Amino acid sequence: MFESLTERLSATLGNLTGKAKLTDENIQDTLREVRMALLEADVALPVVKTFIDQVRDQAVGQEVTRSLSPGQVFVKIVNDELVRTIGEGESALNLTTQPPAVILMAGLQGAGKTTTAAKLALWLKKRDKKNVMVVSTDVYRPAAIEQLKTLANEADVRFFESDISQKPVDIAKAALDGAR
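Using our numbering, the first residue of the sequence shown is number 62, and each one after it goes up by one.
Structure (structure tokens):
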């Protein structure tokens, strides 16, 4: 999401060059690109609308100092609002449940779920001294199972075997039983 947003902002910030003040008219194209980048990153429409409104409210009428370009001022406003929207600071992962705690990774193909699952497993093992087990229910991409197995071995966490002939729900149930 951030890479797409950066590319889109870079492409449209030239429209703001030489402006002494940010106005609704001169930020309209850039806001459209921000909106599209967020929607393409699967950010919920109500969140996008609120985000765009907040950025517009902060940007319109903003004076541009000589030391900064209008684009830099706008990028700072977008950045500050992203931090506020996504959340400032660090929030703890709440695993206070009757073990085993289940974390489901879901997302688009190629989004990094498998790698993130392995990184999260390693992090929980090292930081919280958790006994972690990972399982892949992605029977539609057989390489995901092998990839997670390899990453689990590298992280020295338990891997629950599964194969493409099984149904994802059956794999999940068996893994849950195996974790108990």
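Cβ atoms here follow ideal geometry from the backbone N, Cα and C, with glycine treated the same way.
In this text, all values refer to a predicted model and were calculated from it rather than measured experimentally.
For residue i, the three-state DSSP class (helix, strand or coil)
i	result
Val-144	helix
Val-136	helix
Glu-207	helix
Gly-187	The sequence shown places Lys at residue 187, rather than the Gly named in the question. Note: Lys-187 maps to helix in three-state DSSP.
Arg-219	strand
Glu-86	helix
Ser-124	Reading the sequence as shown, one finds Glu at residue 124 and not Ser. Strand.
Met-166	coil
Val-195	strand
Ser-130	coil
Pro-160	coil
Arg-202	coil
Asn-155	coil
Ser-71	helix
Val-104	coil
Glu-149	coil
Given residue i as reference, the closest of the options once Cα atoms are compared
i	options	result
Asp-231	Leu-212, Ser-197, Asp-103	Ser-197
Ala-204	Leu-181, Ala-182, Thr-176, Asp-189	Thr-176
Thr-211	Leu-99, Leu-183, Asn-87, Thr-158	Leu-183
Gly-168	Ile-113, Ile-88, Ala-102, Ala-233	Ala-102
Arg-145	Asp-238, Arg-202, Ile-113	Ile-113
Residue i and residue j closer than 9 angstroms at C-beta
i	j	result
Ala-179	Ala-216	yes
Gln-115	Glu-142	yes
Val-109	Arg-117	no
Ser-223	Ile-206	yes
Ile-147	Gln-119	no
Val-200	Pro-161	no
Glu-94	Thr-73	yes
Gln-170	Arg-202	yes
Lys-191	Leu-156	yes
Phe-221	Asn-214	no
Glu-68	Ala-98	yes
Whole-number beta carbon distance between residue j and residue i, since they are thought to touch under 8 angstroms
i	j	result
Val-136	Lys-186	The Cβ separation is near 38 angstroms, so there is no contact.
Ala-240	Met-194	5 angstroms
Report yes or no: do three or more beta-carbon pairs, one from the stretch 79-94 and one from the stretch 117-134, lie closer than 8 angstroms?
A contact exists between the stretch 79-94 and the stretch 117-134.
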